[in-house]
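Below is one structure, written out as structure tokens; comments come after it.
Residue numbers (the numbering used here): 46 to 354.
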């Protein structure tokens, strides 16, 4: 496998693919057509110097991915809006609608972020503190907190798979991985080749989250204080550092092959059994359309594999 540095995200009946300074969104519309749009990618930080600073680049990349991902998700959802067809809007009305959509986007992002902190950070902490009254060991309590965080995460994912619409998104997630695996293993990007490729990938966001959980457990073992306020504060303050370190580790595992890497990626790959599912050919067609809009896979295969395509 040779890294192509393509990244993606599953959407509502669609897929977003990002390569370099561009990203594309491909959506299967209700009338079974594939609509594709390409947009330039703009980081929240205009200077490119941050890309050379380890850890910092991970934090900024994570925020960038959230911003692009949420925008792409709203775009894909717009094709399945149950509201009746509206009249053609004037330029002024479109601007007002765009401003309203931006506020909705920010609100959803903020609520999602707070909910994630409460569910995956604070809840495991406070439950472990209750257990800590019986087991007065900092090491044991920190390990219990990590186990609880993993358990909550896995239960949450397992529950999501039972929702039909979410499960279809996981199928598109599988299609995204299959496309990237197809070209990174030197095969032409055809439906047949993609279908027989693996739905698991090392650079997946699921693997990133698993690395975050494991690293947070290791780092928090080093943080010892008797103050409850400081313990909670450290868990919040250290989030950017842990996210940045996790990004660096994910990038390393995505571009290297050795026994150490194989050991690191196993938990993330195992978790992808929950967050991905085998797609059908129509979903693969959407994934291919998204890739081809922003990535010249033929040139990549000639350069990396010497393929005649």
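Even glycine gets a Cβ: it sits at the ideal position worked out from N, Cα and C.
Looking at residue 73 and residue 113, is the spacing between their C-beta atoms short of 8 Å? Within the chain shown, residue 113 is the residue found at index 68, counting from 1. Within the chain shown, residue 73 is the residue found at index 28, counting from 1. Not a contact, by the Cβ cut-off of 8 Å.
In the DSSP output, which residue or residues are listed as bridge partners for residue 64? Position 19 of the chain shown, counting from 1, holds the residue named residue 64. Looking at the DSSP assignment, residue 64 forms a beta bridge with 67.
If contacts are defined as beta-carbon pairs under 8 Å, then residue 60 and residue 221 qualify, I think. What distance do you get, rounded to the angstrom? Start at 1 with the first residue of the chain shown, and residue 60 comes out as number 15. Start at 1 with the first residue of the chain shown, and residue 221 comes out as number 176. About 5 Å separates the two Cβ atoms, so the contact holds.
Would you check if the distance between the CB atom of residue 117 and the CB atom of residue 70 is smaller than 8 Å? Here residue 117 refers to the residue found at position 72 when the chain shown is read from its first residue. Here residue 70 refers to the residue found at position 25 when the chain shown is read from its first residue. Closer than 8 Å, so yes.
Inspect the CB distances between the region 300–308 and the region 272–289 and report whether three or more fall short of 8 Å. No, because fewer than three Cβ pairs between the region 300–308 and the region 272–289 fall closer than 8 Å, the two stretches do not touch.
So, at 7 Å on beta carbons, what are the nonlocal neighbours of residue 268 in its own chain, with the 5 sequence-adjacent residues on each side left out? Here residue 268 refers to the residue found at position 223 when the chain shown is read from its first residue. If we look at residue 268 and ignore the five residues flanking it on each side, its Cβ neighbours are 279.
How about the region 330–347 and the region 252–272: do they share at least three Cβ pairs that are nearer than 8 Å? Contact between the region 330–347 and the region 252–272 is absent, because fewer than three Cβ pairs lie under 8 Å.
Output the distance between the C-alpha atoms of residue 195 and residue 336, rounded to the nearest integer angstrom. Along the chain shown, read from residue 1 onward, the residue named residue 195 stands at position 150. Along the chain shown, read from residue 1 onward, the residue named residue 336 stands at position 291. C-alpha separation (whole angstroms): 32 Å.
Can you find the residues in the same chain that come closer than 7 Å, C-beta to C-beta, to residue 293, ignoring five residues on each side of it along the sequence? Position 248 of the chain shown, counted from the first residue, corresponds to residue 293. Taking C-beta separations shorter than 7 Å and ignoring five residues to either side along the sequence, the partners of residue 293 in its chain run 99, 100 and 103, following chain order.
Residue 55 lies in the alpha helix (DSSP H); which residues open and close that run? Residue mapping note: residue 55 aligns to position 10 of the chain shown, counting from 1. If you look at residue 55, you'll find it isn't in any alpha helix (DSSP H); it sits in the beta strand (DSSP E) that goes 52–56.
Closer than 7 Å by C-beta to residue 48: which residues in its own chain qualify, once you throw out the five before and the five after it? Chain order, please. In the chain shown, residue 48 corresponds to position 3, counting from 1. If we look at residue 48 and ignore the five residues flanking it on each side, its Cβ neighbours are 229, 299 and 300.
Measure the Cβ-Cβ separation of residue 324 and residue 216 and say whether it is below 8 Å. For the purposes of this step, residue 324 is identified with residue 279 of the chain shown, where counting begins at 1. For the purposes of this step, residue 216 is identified with residue 171 of the chain shown, where counting begins at 1. Yes, these two residues count as a Cβ contact at 8 Å.
Per DSSP, which one or two residues make a beta bridge with residue 237? Taking the chain shown and counting its residues from 1, the one referred to as residue 237 is at position 192. In the DSSP output, where bridge partners are listed per residue, residue 237 has none listed.
Give the single residue among 77, 68, 275 and 177 whose Cα lies nearest to the Cα of residue 85. Position 40 of the chain shown, counted from the first residue, corresponds to residue 85. Cα-wise, what sits closest to residue 85 is 68.
Taking DSSP as the reference, what is the three-state secondary structure of residue 80? Position 35 of the chain shown, counted from the start, is the residue given in the question as residue 80. Of the three classes helix, strand and coil, the one that applies to residue 80 here is strand, per DSSP.
If you reduce the DSSP assignment to three classes, tell me which class residue 33 lands in. There is simply no residue 33 to check, as the chain begins at 46 and stops at 354 in what is shown.
Residue ranges of each alpha helix (DSSP H) within the region 291–347, 4 or longer: Counting whole runs of 4 or more residues, the region 291–347 contains the alpha helix (DSSP H) stretches 304–320 and 326–339.
Leaving out five residues before and five after residue 236 in sequence, what residues of the same chain have Cβ atoms less than 8 Å from its Cβ? In the chain shown, residue 236 corresponds to position 191, counting from 1. The answer, listed in chain order, is 326, 329, 330 and 333.
Residue 258 in three-state terms, based on DSSP: Counted from its first residue, the chain shown places residue 258 at position 213. Correct three-state label for residue 258: helix.
Rounded to the nearest angstrom, how far is the Cβ of residue 214 from that of residue 57, given a contact under 8 Å? On the chain shown, position 169 is the one that residue 214 refers to. On the chain shown, position 12 is the one that residue 57 refers to. Sure, about 7 Å apart at Cβ, within 8 Å.
Considering Cα atoms alone, identify which of 314, 218, 211 and 244 is closest to residue 227. Here the question's residue 227 lines up with position 182 in the chain shown. Ranking 314, 218, 211 and 244 by Cα distance to residue 227 puts 244 first.
Could you please give me the residues that DSSP links to residue 25 through a beta bridge? Here the chain has residues from 46 to 354 only, and residue 25 is not among them.
Could you tell me the alpha carbon to alpha carbon distance between residue 352 and residue 185, rounded to whole angstroms? As a working mapping, residue 352 is identified with position 307 in the chain shown. As a working mapping, residue 185 is identified with position 140 in the chain shown. Near 53 Å, if we compare the C-alpha coordinates of residue 185 and residue 352.
For the region 263–292, list the alpha helix (DSSP H) runs that are entirely contained and at least 4 residues long, ordered along the chain. Correct list: 273–282.
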